[in-house]
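Taken in order, these protein sequences are the chains called D, V, U and X. Going letter by letter, the first sequence gives residues 2 to 365 in our numbering. Going letter by letter, the second sequence gives residues 2 to 365 in our numbering. Going letter by letter, the third sequence gives residues 2 to 365 in our numbering. Going letter by letter, the fourth sequence gives residues 2 to 365 in our numbering. Here a beta-carbon is modelled for each residue, glycine too, at the ideal position from N, C-alpha and C. Treat the numbers as computed from the prediction; the structure is a model and nothing was measured.
4 protein chains.
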Amino acid sequence: MAGNSFGKAFKITTFGESHGKAIGVIIDGCPPNVEVDLEFIQQELDKRKPGQSKITTQRKESDTCSILSGIFEGKTTGTPIMLLIPNEDQRSKDYSHIQDKYRPSHADYTYQVKYGIRDYRGGGRSSARETAARVAAGALAKLFLKQYNIEIFSHVSAVGKIQAPNLSSNNIKELLAIREENIVRCADPATAKEMENFIGVIKKEGDTVGGKIATVIQNVPVGLGEPVFDKLHADLGKAMLSINAVHGFEYGSGFEGSSMRGSEHNDIFINPEHSNKALKTLTNFSGGIQGGISNGMDINFNVAFKPVATIMRAQNTIDQEGNDVEITGKGRHDPCVVPRAVIIVEAMAALVIADHLLRNKAYQ
Amino acid sequence: MAGNSFGKAFKITTFGESHGKAIGVIIDGCPPNVEVDLEFIQQELDKRKPGQSKITTQRKESDTCSILSGIFEGKTTGTPIMLLIPNEDQRSKDYSHIQDKYRPSHADYTYQVKYGIRDYRGGGRSSARETAARVAAGALAKLFLKQYNIEIFSHVSAVGKIQAPNLSSNNIKELLAIREENIVRCADPATAKEMENFIGVIKKEGDTVGGKIATVIQNVPVGLGEPVFDKLHADLGKAMLSINAVHGFEYGSGFEGSSMRGSEHNDIFINPEHSNKALKTLTNFSGGIQGGISNGMDINFNVAFKPVATIMRAQNTIDQEGNDVEITGKGRHDPCVVPRAVIIVEAMAALVIADHLLRNKAYQ
Amino acid sequence: MAGNSFGKAFKITTFGESHGKAIGVIIDGCPPNVEVDLEFIQQELDKRKPGQSKITTQRKESDTCSILSGIFEGKTTGTPIMLLIPNEDQRSKDYSHIQDKYRPSHADYTYQVKYGIRDYRGGGRSSARETAARVAAGALAKLFLKQYNIEIFSHVSAVGKIQAPNLSSNNIKELLAIREENIVRCADPATAKEMENFIGVIKKEGDTVGGKIATVIQNVPVGLGEPVFDKLHADLGKAMLSINAVHGFEYGSGFEGSSMRGSEHNDIFINPEHSNKALKTLTNFSGGIQGGISNGMDINFNVAFKPVATIMRAQNTIDQEGNDVEITGKGRHDPCVVPRAVIIVEAMAALVIADHLLRNKAYQ
Amino acid sequence: MAGNSFGKAFKITTFGESHGKAIGVIIDGCPPNVEVDLEFIQQELDKRKPGQSKITTQRKESDTCSILSGIFEGKTTGTPIMLLIPNEDQRSKDYSHIQDKYRPSHADYTYQVKYGIRDYRGGGRSSARETAARVAAGALAKLFLKQYNIEIFSHVSAVGKIQAPNLSSNNIKELLAIREENIVRCADPATAKEMENFIGVIKKEGDTVGGKIATVIQNVPVGLGEPVFDKLHADLGKAMLSINAVHGFEYGSGFEGSSMRGSEHNDIFINPEHSNKALKTLTNFSGGIQGGISNGMDINFNVAFKPVATIMRAQNTIDQEGNDVEITGKGRHDPCVVPRAVIIVEAMAALVIADHLLRNKAYQ
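Put into structure tokens, the structure is as follows:
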């Protein structure tokens, strides 16, 4: 059953395979009169695109995005916005060796059984290439959120066992500047260097490694999120878990919070000087969300990525006929996915916040 | 905007406040001709109900469920099934002291700002009492899944810092029997004892503590889950994160997987003796899901719960007018929520699997 | 697949069979702080309830509605509102004669094939009794729309070949008063008398007859309705066609409009004296909707009902085993459904307008 | 709020403005392994495209459709199918005269108020050009329905006051051949001639005229349609009413049925020779649908179109500043829309049937 849409009020529908003609997205429900900065959208795509540094896949895709509808004289019109990204540098023959083999920990086998057919070239629809469409849509959501001064920041907090220290600042513009100075996209320069070296080693060994991304969202108004099923963090969690290779999500105190006591975990309110201000709390173990609804504090969450499944080493596997075969990764792949995934995480977060911002208007 | 429904094909809509007349659920989309064992539904509710042991809240609710529609001569008819659970033992006066105070780490403040009105008695809609409706619906989903031999098992894997060892068996019936022998609902008797003692101490101190629940699902056919947004684990994650107090979700290798290498993380296929059998893998770091689609292996995931916010100690807080006030927990509350939450986790898992089982039929 | 919900932002889910324990509805998405006048809801139900006059079915149902959730101190809280209407006067034995017979032009055969099981008593879920839940939900939607001064009026415009003249007034309060003075619910007293007599004759003959209902909606703000698929009139049409026995829907110029020329059909704008007023048009062939969006003029539409299928005469039919059998209507049925359906049409119209009113807020 | 999608299991999302770069559609949920005949899709588009005969608009659009995703080696893969139709022959300057004028009975005014911005060129999103995307998606739905032998046939049954007689055959292939022999697309050659002449006269007068389209659908299996809100005819009605210029929908006995008696309207079952055959009925006033569910008989319905609003005559109207202005239609427009709309009606019908066919699988 149809499952390629996300969001209810600010809703996206993506399409496209890794080696098809194009990928893209329709954004339905974006309010009118949002100024569309196409250059910004392209910059966001550039942060995700392959071939951007020595530690990413060398596939050459410009990921040039064109807008086919929904914009008039530089502004959104309230009608569906179609963003199209042609595929340029497919090398489908890189994949002929896996035409009837099931790559371990890939979606080859499950797609084949589910559909009885699959576009094996580059992983088809299961390719992370699909996330470029999300980044484009997320960039538009960010432009919309700018009207509310809402800012989203993600960075690589771990590569393998290398963990970044806690963020040294809560100024997102500052953090962004630091992050973009290194190719790992970690906001701690020393750790970034260490991570970069480690990814280099991993790559040389033909191996891959997992990692983590930490996110903070600022200036979210109080009241976003629907109680019960569509809690704000439940939708953030689903959004993150829908990104390829994500194996875990936690917000606020997260998994560590499960070993805490209520007396230390409760976030005590601070008396605001002026009554019309949003309340603040002394601590923020709630991660900016209480009862599924934003409370005005910073929203923060962590996402865990497993290592990329395609490795440049020989592995045993099975083909469609059930024969034992050997397989070695070809094509151009990332040794570690998190540096590029940073922008995907931000995009999905922006889409969730935009969606709940619109949903909440029904009560106002 | 409306947000009290979950699922697309096997869809539930819940209603009810902690201190209203009743809570309940409509299940829409359950296939016809499922045998409805009302006794089983009641047993499931009994595992969640308050007052079941010395370590749970002493509110006395029989949680007696009646079926108002959708069943004819003991079988589902394909029409909406309405399950009603009246509230019996509300003590609303226990809550008059918080009528205009915001309890720390509760939903009082966010509901008030979002809606401009709230039913403060017992937390209203934000009360965990709402989960009884989910358990009733989940029990029905389990009865439907029995037709496919699908089994779901959850248990308490951690209370505070006390961690249970890995499960000693993969026989769910066996594990269930062990789990139900202790009031903590941990499938390792020695750890259960330790947890029980610790919860007793915590309770005596007027404090609360968090915990974790581990789940395994067996006999899920290959092919459930939609690629991209409605990945099977993304929907499981959203389901879990929608449960009160949940702060984290991970499946398969989870957060630990982020520090692994691809060469150790990849799940190698085992050659099946007969080609018509589903493929198995040597390891199961994928947690039974590849590319968002079930691969026939056991599905497993962990859920982290924060400590209950209501503690029996004095805390500083703020009232609706912005005055500093002191608050002390009254009412009847759990010192640790995970023993009762085990059945809620199972229920939500059953609802997700049932939903995707029906959704997948569109391709068959 | 689940199909018992209607609306996206103001969303209802109904349940219940004719001879089950109860019917009812969950309203999800109603904004908070709407004053709930339970007496008004009951009055609306009384206009639909059976046994209200000599020309309706004599089944005795008080249709007493209770609210189980979502209301606090007389106001909506923004959480799901559950309205429950117990069944009281089922005479299931009236239906034992059709247990395995397919009544002509009923849903017996189609339900049996679709589900392989059916609750034959009183038509089960296919009974018009389900519409009581819609009327209760519609009454709540009307209470919400009162905040916007939006008024909805339906009346019986035809019974068989007897047609009412055009409405003599556009004052809805006046029209309502006239309509409620007769049991047919036609706003033209002379025609009402004629209709009443005709229905009496039809009833005596053990037969039934169809009819039509005309509706006008006033004070709808400009801008409701989404372009393309969720046009305001498309959702009104679906709402009406979902009512039992409805075979046709037209709005504005309707079927007659198809024989007109553009030069006579176009609604010319009138220059408003003050620029901040909504524009009016000289004529209203557009029925208050242009491009699927309300234009501020009165919205008007007609709904056609087929004659009730249950007649008190012998008819040939077939049983589940394929034998020829004879069947004669038993039970208590309406000779003409439109006098009671007036309130159902109003209710569904209120639900559509409330839904689009909330949906439109996403653009504001 | 997002409203550019249609269908739940076989779901389409359209985008594009009349004078933007392109229009198109994503089809999500189409089952895998449907053979995609691109030539057939193009033939369907050719029947809708402008400039096809002397009685249609002379805008020159080849409406060439390309498939950007979801197809592999000529077959659907179960992933989203993107169909793109570039705009080629926009003459936006034809519309500069209406930049700030509200055309009577158009969507100019309502869009402006709803969104505060509009793409006035060619009507933007409100243009009937959007329906090309529906025709492309409908063609794909027809290819899917071919697997079930389901056939859909529409033709022009009225132009102005000229009515076609009842169809002389129930052989759809035969009827299609007759219909395509004339440019009006009426399956009665004599009436077609009369209609063609009348449209010629109307065109010469710079005027437009409405019309009606009749449809029959054959070989629909018993059981499609969900009771209560998503009745098969309610979804067909919504689909038709969502087409530009449609003012009315009726199925089966329709508006005429409202003047009939139950004793003449009831469809009596015919005893099938073999018990495993679907039951037939003597008459078909139910239009192939009972209780909202298909009963295996031919489904038939009528759709009423108002006259096109753009006429080549001077009309008084108002501009955005509230000044009285005169306006005369420019651009290239149809004097009568029904000959091209025939294929749009078929497309929307195919989409509804495909959607309910998949939805019904959840019960099987």
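Next on the checklist: Pop quiz: lysine 196 (chain D) and isoleucine 244 (chain D) are said to be a contact at Cβ under 8 Å. What is the actual Cβ separation, rounded to whole angstroms?
Outcome noted: As written in the sequence, residue 196 (chain D) is methionine, which differs from the lysine given in the question. That pair is no contact at about 20 Å.
Item to check | CB contact flag (asparagine 285 (chain X), glutamine 316 (chain U), <8 Å) | outcome: With a cutoff of 8 Å on beta-carbon distance, asparagine 285 (chain X) and glutamine 316 (chain U) are scored as not near each other.
Next on the checklist: For a minimum of 4 consecutive residues, which ranges assigned as the alpha helix (DSSP H) are wholly contained in the segment 218 to 249 of chain X?
Outcome noted: Listed in chain order, the complete alpha helix (DSSP H) runs (minimum 4 residues) inside the segment 218 to 249 of chain X are 233 to 242.
Next on the checklist: 8 Å is my cut-off, CB to CB: does histidine 248 (chain D) come that close to chain V?
Outcome noted: yes
Item to check | Contacts of valine 114 (chain D) in chain V (Cβ-Cβ under 7 Å) | outcome: Simply Val223, Gly224.
Item to check | Cβ-based contacts, 9 Å cut-off: residues of the segment 193 to 218 of chain V near chain D | outcome: Ile203, Glu206, Gly207, Asp208, Thr209, Val210, Gly211, Gly212, Lys213
Checklist entry - Between which two residues does the alpha helix (DSSP H) carrying glutamate 335 (chain X) extend? => result Before going further, note that residue 335 (chain X) is aspartate rather than glutamate in the sequence given. Here aspartate 335 (chain X) belongs to no alpha helix (DSSP H), and DSSP marks it neither H nor E.
Checklist entry - By DSSP, does valine 35 (chain D) sit in helix, in strand, or in coil? => result coil
Checklist entry - Which one of V:Val346, V:Ser97, V:Ala355 has the shortest CA to CA distance from lysine 48 (chain V)? => result V:Val346
Next on the checklist: Just to confirm the assignment, what range does the alpha helix (DSSP H) spanning lysine 194 (chain U) have?
Outcome noted: 190 to 205
Checklist entry - In chain order, which beta strand (DSSP E) runs of at least 3 residues are fully inside the segment 276 to 315 of chain V? => result 300 to 306
Item to check | Inter-residue Cα distance where the pair is tyrosine 103 (chain X) and proline 81 (chain U) | outcome: 42 Å
Checklist entry - Can we say the segment 327 to 340 of chain V touches the segment 134 to 143 of chain V, given the rule of at least three CB pairs closer than 8 Å? => result no
Next on the checklist: Let me make sure I understand the geometry here. Which of D:Asp90, D:His98, D:Pro340 has the alpha-carbon closest to that of glycine 211 (chain D)?
Outcome noted: D:Pro340
Next on the checklist: Given a cut-off of 8 Å on the beta-carbon distance, is the pair tyrosine 112 (chain V) and tyrosine 364 (chain D) in contact?
Outcome noted: Tyrosine 364 (chain D) is positioned such that its CB atom lies no closer than 8 Å to that of tyrosine 112 (chain V).
Next on the checklist: Please report whether the beta-carbon of threonine 80 (chain X) lies at a distance below 8 Å from any beta-carbon of chain D.
Outcome noted: yes
Next on the checklist: Considering only their Cβ atoms, is the gap separating glycine 238 (chain X) from phenylalanine 250 (chain X) smaller than 8 Å?
Outcome noted: Taking the C-beta atoms as reference points, glycine 238 (chain X) is found nearer than 8 Å to phenylalanine 250 (chain X).
Next on the checklist: What does the alpha-carbon distance come out to for the pair serine 276 (chain U) and glutamate 206 (chain U)?
Outcome noted: Here serine 276 (chain U) scores only 48 on pLDDT, less than 50, and its place in the model is too uncertain to base an answer on.
Next on the checklist: Relative to the C-alpha of serine 128 (chain V), which candidate in V:Thr311, V:Ala355, V:Gln321 has its C-alpha closest?
Outcome noted: V:Thr311
Checklist entry - How many angstroms separate the CA atom of serine 254 (chain D) from the CA atom of glutamate 181 (chain D)? => result 27 Å
Checklist entry - For the segment 90 to 111 of chain D, which residues have a CB atom closer than 7 Å to at least one CB atom of chain V, in sequence order? => result Tyr103, Pro105, Ser106, His107, Ala108, Tyr110, Thr111
Checklist entry - Given that arginine 119 (chain V) touches chain U, what residues does it touch there, using C-beta distances under 8 Å? => result Phe73, Thr78
Checklist entry - Taking the C-alpha atoms as reference points, what is the distance between glycine 25 (chain U) and valine 136 (chain U)? => result 10 Å
Item to check | Close-in-space but distant-in-sequence residues of the same chain around histidine 107 (chain D) (CB under 8 Å, 5 per side omitted) | outcome: Gly124, Ser127, Ala310, Thr311
Checklist entry - What is the DSSP secondary structure of leucine 359 (chain D), counted as helix, strand or coil? => result helix
Checklist entry - With a cut-off of 8 Å, do at least 3 Cβ pairs link the segment 347 to 362 of chain D to the segment 220 to 228 of chain D? => result yes
Next on the checklist: Checking the sheet assignment: what are the DSSP bridge partners for glutamine 164 (chain D)?
Outcome noted: According to DSSP, which records beta bridges pairwise, glutamine 164 (chain D) is partnered with D:Ala159.
Checklist entry - Considering only residues of the segment 100 to 163 of chain D, which uninterrupted alpha helix (DSSP H) runs meet the minimum length of 4 residues and lie entirely inside it, listed in chain order? => result 109 to 116, 132 to 147
Checklist entry - Can the beta-carbon of leucine 359 (chain X) be found closer than 8 Å to that of phenylalanine 11 (chain X)? => result Taking 8 Å as the Cβ cut-off, leucine 359 (chain X) and phenylalanine 11 (chain X) qualify as a contacting pair.
Checklist entry - Within the 8 Å Cβ cut-off, does leucine 69 (chain D) reach chain X? => result yes
Checklist entry - Out of curiosity, what's the CA-to-CA distance linking lysine 50 (chain U) and phenylalanine 7 (chain V)? => result 32 Å
Checklist entry - Between which two residues does the beta strand (DSSP E) harbouring lysine 12 (chain D) extend? => result 12 to 16
Checklist entry - Which word fits serine 260 (chain U), buried or exposed, when buried means at least 16 other C-beta atoms lie within 10 angstroms of its C-beta? => result buried
Checklist entry - Does any C-beta atom of chain U lie closer than 8 Å to the C-beta of glutamate 227 (chain X)? => result yes
Item to check | Contacting positions in the segment 243 to 270 of chain V - beta carbon closer than 7 Å to chain D | outcome: Ser243, His248, Gly249, Phe250, Glu251, Tyr252, Gly253, Ser254, Gly255, Phe256, Gly258, Ser259, Ser260, Met261, Arg262, Gly263, Ser264, His266, Asn267, Asp268, Ile269, Phe270
Checklist entry - In whole angstroms, what is the alpha-carbon distance linking glycine 263 (chain U) and aspartate 208 (chain X)? => result Approximately 6 Å, taken between the alpha carbons.
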